Amino acid sequence: MPGSTDDYIGMKDLSKKFVKHQEIDETAAGQRLDNFLMKTLKGVPQSHIYRIVRSGEVRVNGGRAQPSDHLAAGDIVRIPPLRLPTRVEEALPSVVPRGIGALPVLFEDEWLLAVDKPAGLAVHGGSGVSFGVIEQLRAQRPELRFLELAHRLDRETSGVLLLAKKRSALTGLHAAWRDGMVDKRYDVLVRGRWPDAKRKVQTPLTRFLTAEGERRVRADSGGQAAITVFYRQRVWSELDPPLSLLEAELHTGRTHQIRVHLTHLGYPLAGDDKYGDFSWNRALAKAGLRRMFLHARKLGFSHPASGEWLEIEAPLSEALQAFLDRLPTVRDRGE
766 MPGSTDDYIG
776 MKDLSKKFVK
786 HQEIDETAAG
796 QRLDNFLMKT
806 LKGVPQSHIY
816 RIVRSGEVRV
826 NGGRAQPSDH
836 LAAGDIVRIP
846 PLRLPTRVEE
856 ALPSVVPRGI
866 GALPVLFEDE
876 WLLAVDKPAG
886 LAVHGGSGVS
896 FGVIEQLRAQ
906 RPELRFLELA
916 HRLDRETSGV
926 LLLAKKRSAL
936 TGLHAAWRDG
946 MVDKRYDVLV
956 RGRWPDAKRK
966 VQTPLTRFLT
976 AEGERRVRAD
986 SGGQAAITVF
996 YRQRVWSELD
1006 PPLSLLEAEL
1016 HTGRTHQIRV
1026 HLTHLGYPLA
1036 GDDKYGDFSW
1046 NRALAKAGLR
1056 RMFLHARKLG
1066 FSHPASGEWL
1076 EIEAPLSEAL
1086 QAFLDRLPTV
1096 RDRGE
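If you're matching positions, the sequence shown starts at 766 in the working numbering and goes up one per residue.
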């Protein structure tokens, strides 16, 4: 019958025709049943997964379960014989696309993996991006049974990206982020003479859709609380326009928070193609800066297993450092 479980029976590997009973280990404990099945049965339509759960074909410890039920270590999940349609199997990436090399590893132990994400690479696939950091790392490190992003970075932001290699580590990191126990520092270059050694910005932000359907953020007194502390690092007052290098400390993690706060204050971020000064961005590109100057330089947090305080840093990319090194030359040439 079309649309039934029989559509997925007839696997090339005869062993896969039999019911599978999978024991939940520490890496999968705490997940919802539907999320566990979607990761385990990659490529099977979500609607079909919900159908086999609700029909009772999927069982947990011998009993019927709901898609929203959370799994515990030691649970036994019955998975019926399923087969991925050929078109889905072919669509799933099994190797890293050409041109994507190994990401620099900043820190790694049995619990965590931190990499230096380059600008221009999304952290995960979706919204027109088929292959991101998480897909790349899973393809390059197939021995890791569990690997999940602990947080996000915008596609054009470079720097420290932290991933969890165990579910308990991911849960601990999420709790630390939620409780404001993570020290997040960014390097930013802005237009203008930044006057203060330290400035705390507490402007609320709200998300909205543009007429073209793009998601954007703006300062709004009725929006969500957003707190950024900026520290002045260096100012090039003699340039036209003047430039300031700042360190941004995030106390909240709203979408595009640093970028919108800076534009709201009148100090647009260099190379920002959403909230910045577009004509200035074109001049910067001619002067050698062809990306947004937003770099996640440091993450500080307590290790989710040992409790030890860790600080992981990523140096400025060669492109950003080279641009800073060229600033006096840019000035002298009148660019």
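Just so it is clear, CB atoms sit at the ideal spot from N, CA and C, and this is done for glycine as well. What you are looking at is a predicted structure, and each value in this text was computed from that prediction instead of being measured.
- Cβ atoms of L836 and L798: under 8 Å apart, would you say? Numbered from its first residue, the sequence shown carries residue 798 at position 33. Numbered from its first residue, the sequence shown carries residue 836 at position 71. Yes, they are a contact pair.
Point to revise | Span separating the alpha-carbon of G897 from that of L914 | key: Counted from its first residue, the sequence shown places residue 897 at position 132. Counted from its first residue, the sequence shown places residue 914 at position 149. If you take the alpha carbons of G897 and L914, they lie about 11 Å apart.
Pull up the distance between the alpha-carbon of L847 and that of S923, whole angstroms please. Against the sequence shown, residue 847 aligns to sequence position 82. Against the sequence shown, residue 923 aligns to sequence position 158. Approximately 40 Å, taken between the alpha carbons.
Exercise. Taking Cβ positions, are S933 and E791 nearer each other than 8 Å?
Worked result: For the purposes of this step, residue 933 is taken as the residue at position 168 of the sequence shown. For the purposes of this step, residue 791 is taken as the residue at position 26 of the sequence shown. Yes; because the gap between Cβ atoms is below 8 Å, this pair is in contact.
Quiz item: Grouping DSSP H, G and I as helix and E and B as strand, with all else coil, what is S1009?
Solution: The residue labelled residue 1009 in the question sits at position 244 within the sequence shown. S1009: strand per DSSP, three-state reduction.
Could you check the C-alpha separation between R852 and V809 for me, to the nearest Å? Translated into the one-based positions of the sequence shown, residue 852 becomes position 87. Translated into the one-based positions of the sequence shown, residue 809 becomes position 44. Because R852 carries a pLDDT of 43, less than 50, the predicted location of this residue cannot be relied on, and the following value inherits that uncertainty. Taking the straight line from one Cα to the other gives about 11 Å.
To the nearest angstrom, how far is it from the Cα of E854 to the Cα of M946? Position 89 of the sequence shown, counted from the start, is the residue given in the question as residue 854. Position 181 of the sequence shown, counted from the start, is the residue given in the question as residue 946. Confidence in E854 is poor, its pLDDT being 37 and thus under 50, which makes the residue's placement too unreliable to answer from.
So for L928, helix, strand or coil by DSSP? Along the sequence shown, one-based indexing puts residue 928 at 163. In this structure, L928 counts as strand in the three-state DSSP scheme.
**Asked** Where G828 and E822 are concerned, what is the direct C-alpha to C-alpha distance, given to the nearest angstrom?
**Response** One-based indexing of the sequence shown puts residue 828 at position 63. One-based indexing of the sequence shown puts residue 822 at position 57. Roughly 10 Å between the two C-alpha positions.
**Message:** DSSP three-state label for E855, please.
**Reply:** Against the sequence shown, residue 855 aligns to sequence position 90. For E855, the predicted structure reports a pLDDT of 39, less than 50, and the residue's modelled location is therefore unreliable. A value from the coordinates is still provided. Correct three-state label for E855: helix.
message = For Y996, which residues in the same chain have their Cβ closer than 6 Å to its Cβ, ignoring the five residues on either side in sequence?
response = Numbered from 1 along the sequence shown, position 231 holds the residue referred to as residue 996. Within the same chain, Y996 has close Cβ partners K963, E1012.
May I have the straight-line CA-CA distance separating D1090 from E1078, to the nearest angstrom? Against the sequence shown, residue 1090 aligns to sequence position 325. Against the sequence shown, residue 1078 aligns to sequence position 313. Looking at the two C-alpha atoms, the distance is approximately 20 Å.
- Task: Between the Cα of E873 and those of L927, L886, V888, I899, spot the shortest distance and give me the residue it belongs to.
- Result: Numbered from 1 along the sequence shown, position 108 holds the residue referred to as residue 873. Answer by Cα proximity: L927.
Using only the alpha-carbon positions, how far apart do S1002 and P1093 sit? Position 237 of the sequence shown, counting from 1, holds the residue named residue 1002. Position 328 of the sequence shown, counting from 1, holds the residue named residue 1093. About 11 Å.
Using DSSP with H/G/I as helix, E/B as strand and the rest coil, what is E900? Within the sequence shown, residue 900 is the residue found at index 135, counting from 1. Helix.
- Start and end of the beta strand (DSSP E) containing S833? The residue labelled residue 833 in the question sits at position 68 within the sequence shown. No beta strand (DSSP E) holds S833; DSSP gives it neither H nor E.
- Message: Can you list, in chain order, the residues of its chain with a C-beta nearer than 6 Å to that of H1016? Leave out the 5 residues immediately preceding and following it.
- Response: Taking the sequence shown and counting its residues from 1, one reaches residue 1016 at position 251. Within the same chain, H1016 has close Cβ partners I992.
* To do: For the beta strand (DSSP E) holding R871, just list the boundary residues, first then last.
  => Counting from one through the sequence shown, the residue named residue 871 turns up at place 106. The residue you asked about is not Arg; residue 871 is Leu in the sequence shown. Start and end: 870-873.
Original post:
Cα separation between H916 and V953?
Top reply: Position 151 of the sequence shown, counting from 1, holds the residue named residue 916. Position 188 of the sequence shown, counting from 1, holds the residue named residue 953. Cα to Cα, the separation comes out at about 20 Å.
| message | Using 8 Å as the threshold, is the C-beta distance between V1025 and R983 below it? | response | Counting from one through the sequence shown, the residue named residue 1025 turns up at place 260. Counting from one through the sequence shown, the residue named residue 983 turns up at place 218. The answer is yes: Cβ separation under 8 Å.
- [ ] Helix, strand or coil for L1085, going by three-state DSSP, please let me know.
- [x] For the purposes of this step, residue 1085 is identified with residue 320 of the sequence shown, where counting begins at 1. Helix.
Identify every run of the beta strand (DSSP E) within the stretch 952-1034, keeping only runs that are complete inside it and at least 3 residues long; order them along the chain.
963-966, 970-974, 980-984, 993-1001, 1008-1015
Should the stretch 1056-1072 be called in touch with the stretch 975-990, which here means at least 3 C-beta pairs below 8 Å? no
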